[in-house]
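J.: Quick one: this structure, given as structure tokens, is what I'll be asking you about.
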Amino acid sequence: MLLLCRCARGAPDHEDAGWAPIISVRAGPDGTLFVAAAEKGGVYSSTNGGKSWRHIGGTLAPDNLFSLRVSAGGDVFLATFGEALYSGDGGVSWSFLKEDGFIKDLFPARSGAILAANWRGGLSSASAETGIWKSVGDDAFLITDFMESEDKRLWCAAFGGGVLVSYDGGISWGSCGGGPENGMVLSLAWSHGDKILYAGTYEGGVFMRREDGPWQRGPGGLPRGSTVQALTVSKDGSLWAGTHGNGCFVLKRGSKNWENLTEGGGKGVSVTAIEPFRDGVVFGTASGGLYYAEAGRSFVRPLLPSDPVAGLAELESGAVTALSRSGRLYRSDDRGVTWKEIELP
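Count along the sequence shown from 1, add 32, and you get the number used in my numbering.
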């Protein structure tokens, strides 16, 4: 069982938050939160804004988790070292999309295509109907992020190749405006209201491009040489940037400068994931922190597990047992849907 911690003004500059390092944070269309953490079977969901959590990764193979995505229809997609998986029931059961693995990220597009970023570089694409994969675009660069607009334009961040764009559902790709100036792009965000595409870069901060205009540097206020590895735009139009080693920043709508919402200035805090949620965002860190934040109130609240899972084992009968960090033992006979505590002697 996981509980919500008390409120705090900002995210701490050094954390001992109880989570394993956060890999992905996603929100489903019904408001369900999903979190992937760097531990065996480390996938969780919450239907009440992070007040309590359900462990949905108990039946997964003990592989490294690379990314988690949720489609517009609510299907969950998971990339691991050995396989690509999806779940149509919120993580109760998982099915294979691709069994040879080595996929860095999966992106379910509104067109129905599923895009896969390969660790060796380049992209693969498959339709949900056929499940047949084929290579698309240039394989010269590692793809580090995806973004899609309301008119189904697709962008991907190519590390060393800038930003690529597709107008045909990911079948063909070309350079997006020849930029940005720093081609080491790690993250993307799209502002629907302002029609601006943002790109977070390695040691270059944030760049922006309005519609078909030129790329230009984003607003000032980030530390010099910032590596921006997570970006998003919240419902109120604020732009959020997760940096490597400098914490979480927000550019409030109408503002010209970034504000650091990480207590103590964020020194040493690496933000690995940011997702729009309700009136703000949920962001996760490499040191195991998970937070809900709102720009309007400069407000940050930690979402902490009270007793996270430390180990899992499958019995010969097919039942799954889970050991929590406090030493409690739990058993599930329905593949992780429900759990009961086992009394120890």
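Ideal Cβ positions, reconstructed from N, Cα and C, are used throughout, including at glycine.
Please read these numbers as outputs of a predicted model, since none were measured by experiment.
Taking threonine 233 as the reference, which of Arg101, Trp85, Gln248, Gly81 has the closest Cα?
T.: Here residue 233 refers to the residue found at position 201 when the sequence shown is read from its first residue. With distances taken between Cα atoms, threonine 233 lies closest to Gln248.
J.: Which ranges does the beta strand (DSSP E) cover as unbroken runs of at least 3 residues, wholly within the stretch 140 to 208, from first to last along the chain?
T.: Complete beta strand (DSSP E) runs here, min 3: 145 to 150, 155 to 159, 166 to 168, 174 to 180, 186 to 191, 194 to 198.
J.: Within the same chain, show all residues whose beta-carbon is closer than 7 Å to that of histidine 276, passing over the 5 residues directly before and after it, in chain order.
T.: Here residue 276 is taken as the residue at index 244 of the sequence shown, counted from 1. Taken in chain order, the residues that qualify are Thr259, Gln261, Ser302.
J.: Between the C-alpha atoms of alanine 148 and leucine 138, what's the straight-line distance to the nearest angstrom?
T.: Numbered from 1 along the sequence shown, position 116 holds the residue referred to as residue 148. Numbered from 1 along the sequence shown, position 106 holds the residue referred to as residue 138. Using only the alpha carbons, I get a separation of about 5 Å.
J.: In whole angstroms, give me the CA-to-CA distance for lysine 130 and leucine 117.
T.: Residue mapping note: residue 130 aligns to position 98 of the sequence shown, counting from 1. Residue mapping note: residue 117 aligns to position 85 of the sequence shown, counting from 1. Using only the alpha carbons, I get a separation of about 7 Å.
J.: Put glycine 274 into one of helix, strand or coil per three-state DSSP.
T.: Position 242 of the sequence shown, counted from the start, is the residue given in the question as residue 274. Of the three classes helix, strand and coil, the one that applies to glycine 274 here is strand, per DSSP.
J.: Is the beta carbon of lysine 184 sitting closer than 8 Å to the one on serine 143?
T.: Looking up residue 184 in the sequence shown gives position 152. Looking up residue 143 in the sequence shown gives position 111. It is a contact, given that the beta carbons lie within the stated cut-off.
J.: Are glycine 123 and valine 102 touching if we call contact CB-CB under 8 Å?
T.: On the sequence shown, residue 123 is found 91 positions in, with the first residue counted as 1. On the sequence shown, residue 102 is found 70 positions in, with the first residue counted as 1. In this structure, valine 102 does not lie closer than 8 Å to glycine 123 by Cβ.
J.: Hey, could you find the ends of the beta strand (DSSP E) glutamate 373 is sitting in?
T.: Numbered from its first residue, the sequence shown carries residue 373 at position 341. Where glutamate 373 is concerned, the enclosing beta strand (DSSP E) stretches over 372 to 374.
J.: Let me make sure I understand the geometry here. Which of Gly73, Glu182, Lys72 has the alpha-carbon closest to that of alanine 104?
T.: Mapped onto the sequence shown, residue 104 falls at position 72. When only C-alpha atoms are compared, the closest one is Glu182.
J.: Bridge partners of proline 337, per DSSP?
T.: Position 305 of the sequence shown, counted from the start, is the residue given in the question as residue 337. DSSP, once it has assigned bridges, lists no residue as partnering proline 337.
J.: So for glycine 297, helix, strand or coil by DSSP?
T.: Residue 297 sits at position 265 when you count from the first residue of the sequence shown. Glycine 297: helix per DSSP, three-state reduction.
J.: Nearest to arginine 256 by alpha carbon, out of Asp244, Ser266, Trp290, Leu271?
T.: Locating residue 256 in the sequence shown gives position 224, counting from the first residue. Among Asp244, Ser266, Trp290, Leu271, the Cα nearest to that of arginine 256 belongs to Trp290.
J.: Going by DSSP, what residue range makes up the beta strand (DSSP E) through phenylalanine 281?
T.: Counted from its first residue, the sequence shown places residue 281 at position 249. First-last of the beta strand (DSSP E) with phenylalanine 281: 280 to 283.
J.: Just to confirm the assignment, what range does the beta strand (DSSP E) spanning serine 219 have?
T.: For the purposes of this step, residue 219 is identified with residue 187 of the sequence shown, where counting begins at 1. Segment 217 to 223, the beta strand (DSSP E) holding serine 219.
J.: Take lysine 299 as the anchor and find which of Gly163, Pro61, Phe281 has the nearest alpha-carbon.
T.: Position 267 of the sequence shown, counted from the start, is the residue given in the question as residue 299. Looking at the Cα atoms, Phe281 is the closest of the given residues.
J.: Tell me the start and end of each unbroken beta strand (DSSP E) in the stretch 90 to 132 that is at least 3 residues and wholly inside, in chain order.
T.: Correct list: 97 to 102, 108 to 112, 116 to 119, 127 to 130.
J.: Let me check understanding here. Comparing Cα to Cα, which of Val313, Ser159, Phe134 lies closest to valine 57?
T.: Counting from one through the sequence shown, the residue named residue 57 turns up at place 25. Nearest C-alpha to valine 57: Val313.
J.: Starting from arginine 242 and walking both ways along the beta strand (DSSP E), at which residues does that stretch end?
T.: Stepping through the sequence shown from its first residue, residue 242 is reached at position 210. 237 to 242 is the span of the beta strand (DSSP E), which, as asked, contains arginine 242.
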